[in-house]
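Below is one structure, written out as structure tokens; the observations come after it.
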Amino acid sequence: MRRETIHAWLMLLPALVVLATFMHVPAVETIIASFWSTARGARPSHFVGLKNYERMIADPVFWQAMRNNLVYALVTVPLSMGLALVMALLVQGRVAGRAFLRMAFFTPTVLPLIAVANIWIFFYTPGFGLIDQIRGLFGLHAQNLLGTGSTALYAVAAVAVWKEAGFFMIFYLAALQTIPTTLIEAARLEGASRWQIFRRITLPMIMPTTLFISVNAVIDAVRLVDHIFQMTQGGPDNATNILFFYIYRVGFQFWDTAYAATLTVVMIVILSLLALGQVVLIDRRVHYK
Amino acid sequence: MSLWDKLATLGGWLLALLWIAPLAYAVWTAFHPAAYETHFDLLAPLTLENFPAAWVQAPFARYFLNTVILVTVILAVQLVLGTFAAFAFARLRFPGKQVLFLLVLLQLMVMPDVLLVENYRTMRILGLTDSIMGIGLPYMASAFFIFLLRQTFLQVPTELDDAARIEGASLLTLIRRVYVPLAKPTYVAFGLISVSAHWNNYVWPLIITNSVSARPLTVGLSIFSASDSGVHWSVINAATLMTSGPLLVGFLLFQRAFVQSFMRAGIK
Chain H
1 MRRETIHAWL
11 MLLPALVVLA
21 TFMHVPAVET
31 IIASFWSTAR
41 GARPSHFVGL
51 KNYERMIADP
61 VFWQAMRNNL
71 VYALVTVPLS
81 MGLALVMALL
91 VQGRVAGRAF
101 LRMAFFTPTV
111 LPLIAVANIW
121 IFFYTPGFGL
131 IDQIRGLFGL
141 HAQNLLGTGS
151 TALYAVAAVA
161 VWKEAGFFMI
171 FYLAALQTIP
181 TTLIEAARLE
191 GASRWQIFRR
201 ITLPMIMPTT
211 LFISVNAVID
221 AVRLVDHIFQ
231 MTQGGPDNAT
241 NILFFYIYRV
251 GFQFWDTAYA
261 ATLTVVMIVI
271 LSLLALGQVV
281 LIDRRVHYK
Chain X
290 MSLWDKLATL
300 GGWLLALLWI
310 APLAYAVWTA
320 FHPAAYETHF
330 DLLAPLTLEN
340 FPAAWVQAPF
350 ARYFLNTVIL
360 VTVILAVQLV
370 LGTFAAFAFA
380 RLRFPGKQVL
390 FLLVLLQLMV
400 MPDVLLVENY
410 RTMRILGLTD
420 SIMGIGLPYM
430 ASAFFIFLLR
440 QTFLQVPTEL
450 DDAARIEGAS
460 LLTLIRRVYV
470 PLAKPTYVAF
480 GLISVSAHWN
490 NYVWPLIITN
500 SVSARPLTVG
510 LSIFSASDSG
520 VHWSVINAAT
530 LMTSGPLLVG
540 FLLFQRAFVQ
550 SFMRAGIK
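From first to last, the protein sequence lines are chains H and X.
Take the first sequence: its position 269, counted from the start at 1, is 269 in our numbering, and no numbers get skipped.
Take the second sequence: its position 174, counted from the start at 1, is 463 in our numbering, and no numbers get skipped.
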């Protein structure tokens, strides 16, 4: 074997061992485990074929978690991205006190999601929380936003938007800085309005960034559930139960590891499709330039 | 200033104030007695008592220590393993390079925290449940960092590389003297991202730990604030600020570096 090959392997080995132990091997094991039953007491695990998947398809909580996750993504992704773009345009423009604005928008990003959840629970507290106090000023009665099935999912989604928008703003800021000022000046000389410049120059120029952020935003909508642990525990009556939280519940509260593995396979498939989408999009971005 | 600029300024400030309000209110309650936690009064007396009250009601000192050890060890190992891997992928020729690189990049989509059940089983076999090592081990090789650093290393001029090799530098010397110094901004950027990510991580530490000796701040905070022992909100808010404090202060001090790191990492 050539010396360079040996050196390369020696340098890669530690990282590869870690990656294989905690990613490749467990991913394959998860898929295998989804075809076996959960070992219970004296009954060891045995091969059950597609039984776990049949059970999943018949499981109303699974479908509710998927539906919740879809609603959650449909709320958080466009809202956090739209706000991020507005924030970036504000911070980029000729606004007085830009440093303060940037700090105000970005600070929630630095906080742990668990801490963020704590701050917002207090907001939502029925009767005493800030939201109900403001409602009280207008003569509205107290409302339990986190404890009501119809509002709880939106209440936790709002927390995610608050935490994420400032993060995405950073990427938009970077993208806005790459737009040549000459382009905008030329358009202005031609008498283009602000809206036309935004619509015809800014928006197309930041399109690749928008695609990049959207994939990351969707991944986060699947993956970030810390605040749900703290605020609602998936309740009331599964109203805020989304896929990743359901995996945790099945795996570590019901200790049904085989079924948790089956649900994890669904999650891996979703994440893989998103990653594939990203590769295709980034590929197009290269051709675009 | 045109009318449009004035409107933008007004709207921008309104949005910024709305955005900072939840945090500002948390700060306000943390510095005032519990009696004022549900009614805002500008003239309410200030107090620092909530912080020591929180500090003694839960083993926060230990949680802090655990988190600091955790993020330090993770970052140190990530940097060492990542540097070697990135160098091999950027500058060494060997069979199977493309396939291996793709295998590494897989981690970008199947992050370790997704494989909770199997990783928990692995940790039990290794005897690492309820230990700081057990929390950190799955994250010690970061595909994101390897990818980022490889891109940086690829931009190092080959002339520099050749010159060092002609002078008889070993690969290790080459990496230490030429590549690492030139990639310093990437190290800083990833360092900030890694520290804030693992300081804030919650689900995996929650699962793998079950005692004070291993729990990081996030898990400690969630247990503290979920207990039904009638802890005042002002004390919980003080604890919340305390646990995010170092990151917040670090962010305010190094705001520019922070923002630029995230930008750099995002653009790729």
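Ideal Cβ placement from N, Cα and C applies to all residues, glycine included.
Run through chain X and tell me which residues come within less than 9 Å of H/Trp-120, C-beta to C-beta. Pro-311
Please say whether X/Val-399 and H/Ile-268 have beta carbons closer to each other than 8 Å? yes
Between which two residues does the alpha helix (DSSP H) carrying X/Trp-344 extend? 339-346
Taking X/Arg-380 as part of the alpha helix (DSSP H), name the residues at either end of that continuous run. Residues 349-380.
Just checking my contact of H/Phe-122 with X/Asn-526 at CB under 8 Å: how many whole Å lie between their CB atoms? The beta carbons of H/Phe-122 and X/Asn-526 sit about 7 Å from each other, so the pair counts as a contact at 8 Å.
Tell me the DSSP secondary structure of H/Phe-138 in three-state form. coil
Name the residue from H/Gly-149, H/Ser-150, H/Asp-132 whose alpha carbon lies nearest to the alpha carbon of H/Ala-142. H/Ala-142 has its Cα closest to that of H/Asp-132, out of H/Gly-149, H/Ser-150, H/Asp-132.
Can you tell me whether X/Phe-543 is helix, strand or coil according to DSSP? coil
State the DSSP-derived secondary structure class of H/Arg-43, mapped to helix, strand or coil. strand
Helix or strand or just coil, what does DSSP make of H/Trp-36? strand
So, using beta-carbon positions, are X/Asp-450 and X/Val-477 closer together than 8 Å? no
Could you name the residues of chain H that X/Ile-525 contacts, counting a contact when the two beta carbons are closer than 7 Å? Asn-118
Is it the case that the segment 192-208 of chain H contacts the segment 45-59 of chain H, given that we only count it when at least three CB pairs across the two stretches are under 8 Å? no
Whether X/Ala-375 touches X/Phe-442 by CB criterion (8 Å): yes
If we count the other Cβ atoms within 10 Å of its Cβ and call it buried at 16 or more, is X/Gln-367 buried or exposed? buried
Look at the Cβ atom of H/Tyr-259, then the Cβ atom of H/Thr-38, and state whether they are nearer than 8 Å. yes
Three-state secondary structure (DSSP) of X/Pro-505: coil
State yes or no: is the beta carbon of H/Gly-97 nearer than 8 Å to at least one beta carbon in chain X? yes
Run through chain X and tell me which residues come within less than 7 Å of H/Leu-79, C-beta to C-beta. What H/Leu-79 touches in chain X: nothing, since even the nearest Cβ is about 13 Å away.
Listed by chain order, chain H residues near X/Val-559 by CB distance under 8 Å: Coverage of chain X is limited to positions 290 through 557, which leaves residue 559 of chain X absent and any answer about it impossible.
N-terminal and C-terminal residue of the alpha helix (DSSP H) that X/Leu-437 is part of: 432-443
May I have the straight-line CA-CA distance separating H/Ala-221 from H/Thr-76, to the nearest angstrom? Inter-residue distance for H/Ala-221 and H/Thr-76 is about 7 Å (C-alpha atoms, whole angstroms).
Using a Cβ-Cβ distance cut-off of 8 Å, determine whether X/Ser-420 contacts chain H. No, X/Ser-420 does not count as interfacial toward chain H.
In the DSSP assignment, find the unbroken alpha helix (DSSP H) run with H/Glu-190 in it and report its ends. Run containing H/Glu-190: none; DSSP gives neither H nor E here.
Any Cβ of chain X within less than 8 Å of the Cβ of H/Ser-37? no
At least one CB of chain H closer than 8 Å to the CB of X/Thr-361: is that the case? no
Take the Cβ of H/Asp-256 as the centre, count every other Cβ of all protein chains shown within 10 Å, and call the residue buried at 16 or more, exposed below. H/Asp-256 should be labelled buried.
Less than 8 Å separating the beta-carbons of X/Pro-334 and X/Pro-322? yes
Nearest-angstrom beta carbon gap, X/Ala-315 and X/Leu-530 [assumed within contact, 8 Å]: 6 Å
Distance check for X/Ser-459 and H/Leu-74, CA to CA, integer angstroms please. 54 Å
Local conformation of H/Arg-2 per DSSP, three classes: coil
Presumed contact (8 Å Cβ cut-off) between H/Ala-160 and H/Leu-224, rounded CB distance: 7 Å
Using a Cβ-Cβ distance under 8 Å, would H/Asp-59 count as near chain X? no
I want to know whether the segment 355-366 of chain X touches the segment 239-253 of chain H - three or more CB-CB distances under 8 Å. no
Selected residue, minimal CA-CA separation from H/Phe-35, among H/Ser-80, H/Gly-149, H/Thr-264, H/Ile-170: H/Thr-264
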